[in-house]
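Peer 1: Numbering-wise (the working numbering), the sequence shown opens with residue 611 and increments by one.
From the three backbone atoms N, C-alpha and C, an ideal C-beta is built for every residue, glycine too.
What you are looking at is a predicted structure, and each value in this text was computed from that prediction instead of being measured.
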Amino acid sequence: MAIAYKTTLYFIFLFYGGVLIASAQGDAVYVVNTQILEGKHIEPIGVTEKQVQAYIVLRPGLRDTTGKKLEIIKTLAAANMLVKYGAQPDLASAIAKVEYYNQHKNDVDKILVVKHQRIMHLMKKGKILKSYPIALGWNPVGQKYAEGDGRTPEGIYTFDTRTFYKQSLNSFHISYPNTADKARSAARGVKTGTNIMVHGTDGPKKKKDFTNGCIALSNTHLADLAKRVFIGTVIEIVK
Numbered sequence: 611m612a613i614a615y616k617t618t619l620y621f622i623f624l625f626y627g628g629v630l631i632a633s634a635q636g637d638a639v640y641v642v643n644t645q646i647l648e649g650k651h652i653e654p655i656g657v658t659e660k661q662v663q664a665y666i667v668l669r670p671g672l673r674d675t676t677g678k679k680l681e682i683i684k685t686l687a688a689a690n691m692l693v694k695y696g697a698q699p700d701l702a703s704a705i706a707k708v709e710y711y712n713q714h715k716n717d718v719d720k721i722l723v724v725k726h727q728r729i730m731h732l733m734k735k736g737k738i739l740k741s742y743p744i745a746l747g748w749n750p751v752g753q754k755y756a757e758g759d760g761r762t763p764e765g766i767y768t769f770d771t772r773t774f775y776k777q778s779l780n781s782f783h784i785s786y787p788n789t790a791d792k793a794r795s796a797a798r799g800v801k802t803g804t805n806i807m808v809h810g811t812d813g814p815k816k817k818k819d820f821t822n823g824c825i826a827l828s829n830t831h832l833a834d835l836a837k838r839v840f841i842g843t844v845i846e847i848v849k
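1) Which runs of the alpha helix (DSSP H) at least 4 residues long sit entirely within the segment 689-771? Give them in chain order.
2) Output the distance between the C-alpha atoms of Lys679 and Asp719, rounded to the nearest integer angstrom.
3) State yes or no: is the C-beta of Ile845 within less than 8 Å of the C-beta of Ile682?
4) When you compare only the Cα positions, how much space is there between Ala688 and Ile705?
5) CA-CA distance, Ile766 and Val848?
6) Given 8 Å as the limit, is there contact between the segment 793-800 and the segment 722-730, that is, 3 or more CB pairs closer than that?
7) In the DSSP assignment, what residue or residues form a beta bridge with Thr821?
8) Exposed or buried, Thr762, counting other C-beta atoms within 10 Å across all chains shown (16 or more means buried)?
9) Residues in the same chain with beta-carbon distance under 6 Å from Pro702, minus the five sequence neighbours each way, listed in chain order, please.
10) Which residue or residues does DSSP assign as beta-bridge partners of Phe782?
11) List the residues that DSSP assigns as beta-bridge partners of Ile847.
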């Protein structure tokens, strides 16, 4: 199938990227410029027309692909990325994981972290769906002002990147510092902190709060969280 034009589509699913449609050796190739790991690395992830057609054949409900083809390409590109980096063992399981996210990505519209209660709530339209106990920075009380102060920031952020190394290990990067955070640090002549994450922990620690400002959950709870949230989910952290 020859395609004599180019188009770009921007979307968010575990990463930010665009789709470039081109033609190679009679088979259309859809190339997704994929940005991963906090935006430090970008590389093209390819999806072939043969992959698209095989995907459609296995899903009778997609026989009519009118208006759906770019969504299929996004699904396959995300799946190819998961396989390439070892987050899933094969394409079938990777596709299943991507489809799950597409189906459930709006189940949670906000995460609320209440620092003094050491709890994280998963919210939908103002209602609490689920809660997890958490640990905070080793100096947890108060707003974060500077790098190395051991405090977990307070404010409204989003999950802006997700990292994964194995199927069961995930972490979410929070969009700290925001404009207000930068202004507070600048007023004090100090450097804002960076790399604030929601991540897992293997078990009980000597100190209740032990991170450098991150929010820690048990690995079990983190795995559950990873099924319910996605890039762009709002996370509000309050006192």
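Peer 2: Quick answer:
1) 701-714
2) 27 Å
3) no
4) 8 Å
5) 9 Å
6) no
7) Gly747
8) buried
9) The question names Pro, yet the displayed sequence has Ala at residue 702. Nothing meets the Cβ criterion.
10) Arg772 and Val808
11) Val723 and Gly765
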